[in-house]
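Numbered by mature numbering (1 follows the signal peptide of the UniProt record, and there is no 0), the letters in the sequence shown go through residues -15 to -1, 1 to 397 in order.
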Amino acid sequence: MWVFLLVYFAAFGGATILGSEESFDGKLQDGFDLLRSDPNAYETIEFRRKAHELQEGTYTDYEEPSKDVAKAMELYAESTRGHEGAFAEDVNNDVRVGIALFQGDMMLSKAQADEILEDMEVSMGRRKKRQAYRDHKYPATLWSDGINYAFWNASNPARRVFIKATEIWSEDTCLEFREDNSATDKVWVTDGAGCWSHVGRLGGTQFMSLGDGCGYIGLGLHELGHTIGLWHTQSRHDRDNFISLRWENLKYDWHDQFGKETESTNYNYNITYDYGTVMHYSAGSPRLSTNGQPYMIPHDNKFLPTLGSYILSFYEKLMVNLHYKCLDNCPKESFDMCGNGGFPHPRDCSKCVCPSGYGGRLCKRRPPGCGKELTATDEWQEFQDTVGQENYDRYAANDEFLFCNYWIKAPR
């Protein structure tokens, strides 16, 4: 029997919305003023107002947390205090656009906004969009001919983060990215207010913002994930089987931003829920919390610190490959050859894309690089290792990650 331990080290329109600065509408106005250069800003703002009205008063029944959960929330709050800021919800709240975007970082077209509102009304205000965008317009929402992009008033950090994110997304998928400002369908990457994107291919020109505070590779991966067609993991229809929402810890203006969908509208390709995805928000942003404590709690609270990630997960790679039919050209036997749940590489079916902790051509070896194989004994052992830099800042805008894989082998 093998136990695997993976350690990683980081890195626009012209409408007016009335309302005082302290009111919900006033906050929407503040956000709209910063987002108005996007053609869909007004539609998104109107959606937020209507969704907020639909959800008003829905989440008011709070149960006292168990002692274990209360302790876990307290420890999480202590461990993250002073280290927040590297997730989209943090950045966008700081620049006052998060409340004006769908779920804090998504711009919606009119068709998307209308469809989501209709779903919410039908399902008593508890239905959102799907993890991979596969509605009645699918596959028109796919970038079937590759994702074209161009830079428009983009800062050097925005360019760096975006380019690195395209390299990571394309490495284990069939997605192609090309810089082409003359393409009809393209993404304009801009240094706007906050970190946000549209979801899927809209047709024509659409924007992605990587502004001040968005200089993290994880944020670039997250926003590019939306452009590819992914929604947030925490809005999946089955999320209540894995996490609970502590609504009393979440600011009221954000309650409707954490709805979930129903099974009839959510298609996840039979892929399990994964806490550690780049498309999952953190357990709780201090900017959105009423008391500094987390508002998303895994049913097994040991996983509380693992919600959200700066690193693309194995299951996200698999979902995008299925969503874009990248694996259709690989023969059946190539699926059978991959060990430990891996799948054939869409660019070379003779090798496999491996789950975290596995490596080699067929996912049957320990990945190369940092780490080692250890053997367990009948007695407790203490293991220590030192990797990386001294005085390392895990919250700095790092481009590269060091992965250390330790295999712990049971004695024969």
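Built from N, CA and C at the ideal position, the CB exists for glycine as well.
- DSSP places K52 inside the alpha helix (DSSP H), whose first and last residues are K52 to T65.
- C-alpha of E246 to C-alpha of N138: approximately 36 Å in a straight line.
- Three or more Cβ pairs drawn from the region 247 to 263 and the region 294 to 312 lie within less than 8 Å of each other, which places the two stretches in contact.
- For A96 and D165, the gap between their C-alpha atoms comes out near 26 Å.
- The Cβ atoms of M91 and A26 lie no closer than 8 Å to each other.
- For E164, the uninterrupted beta strand (DSSP E) segment begins and ends at F162 to E164.
- The region 234 to 316 is shown to contain whole beta strand (DSSP E) runs of 3 or more residues at 281 to 283, in chain order.
- If you look at E38, you'll find it in the alpha helix (DSSP H) that goes A26 to Q40.
- In this structure, the beta-carbon distance from Y309 to T158 falls below 8 Å.
- Only residues of its own chain outside the window of five on either side were considered, and among them K245 have a CB closer than 6 Å to the CB of R224, listed in chain order.
- For L19, the three-state secondary structure derived from DSSP is helix.
- Comparing alpha-carbon positions, the option among A85, E156, L60 and C355 lying closest to F288 turns out to be L60.
- Inclusion of Y280 and F72 in the CB contact set at 8 Å is not warranted, their separation being larger than that value.
- CA-to-CA, the gap between R231 and W216 works out to about 21 Å.
- Taking all protein chains in view, the Cβ of H183 is crowded by 16 or more other Cβ atoms within 10 Å, so the residue is classified as buried.
- With distances taken between CA atoms, E152 lies nearest to G203 out of W239, T291, F32 and G203.
- Contact annotation, A125 with E28: C-beta distance approximately 19 Å; criterion of less than 8 Å not satisfied.
- In the DSSP assignment, S155 falls within the unbroken alpha helix (DSSP H) covering N141 to E156.
- For N390, no alpha helix (DSSP H) encloses it; the enclosing beta strand (DSSP E) starts and ends at L387 to K394.
- Burial is judged here by how many other beta carbons sit within 10 angstroms of a residue's own beta carbon; R397 has fewer than 16 and is exposed.
- Distances from the CA of G293 to each of V80, V263, V107 and L273 were compared; the closest alpha carbon is that of V263.
- For E100, the enclosing alpha helix (DSSP H) stretches over residues K95 to V107.
- An exposed status is given to G188, since fewer than 16 other beta-carbon atoms sit within 10 Å of its beta-carbon.
- In summary, S220 is buried, with 16 or more beta-carbon neighbours lying within 10 Å of its beta-carbon over all protein chains present.
- Measuring C-alpha to C-alpha distances from H211 to each of W128, P290, S229 and S51 identifies W128 as the nearest.
- The region 356 to 366 makes no contact with the region 323 to 332, as fewer than three CB pairs between them are under 8 Å.
- Here the C-alpha atom of T175 lies approximately 19 Å from the C-alpha atom of W154.
- Sequence-distant Cβ neighbours of E208 in its own chain, meaning closer than 6 Å and more than five residues away, are C180, S182 and M193.
- In the three-state reduction of the DSSP assignment, K336 falls in the strand class, which pools E and B.
- Residue burial annotation: G354 is exposed, with fewer than 16 other C-beta atoms found within 10 angstroms of its C-beta.
- In this structure the region 268 to 283 does not lie against the region 305 to 324, because fewer than three pairs of beta carbons, one per stretch, are closer than 8 Å.
- In this structure, D10 and R272 do not form a Cβ contact; the two beta carbons are roughly 20 Å apart against a cut-off of 8 Å.
- Shown here for K236: same chain residues with a beta carbon closer than 8 Å to its own, the five before and five after excluded, namely L273, S274 and T275 in chain order.
- Less than 8 Å separates the beta-carbon of L206 from that of A150.
- Residues of the same chain with a CB within less than 6 Å of the CB of S229, apart from the 5 flanking positions on each side, are I282 in chain order.
- Residue pairing of P353 in beta bridges, as defined by DSSP: absent, with no partner found.
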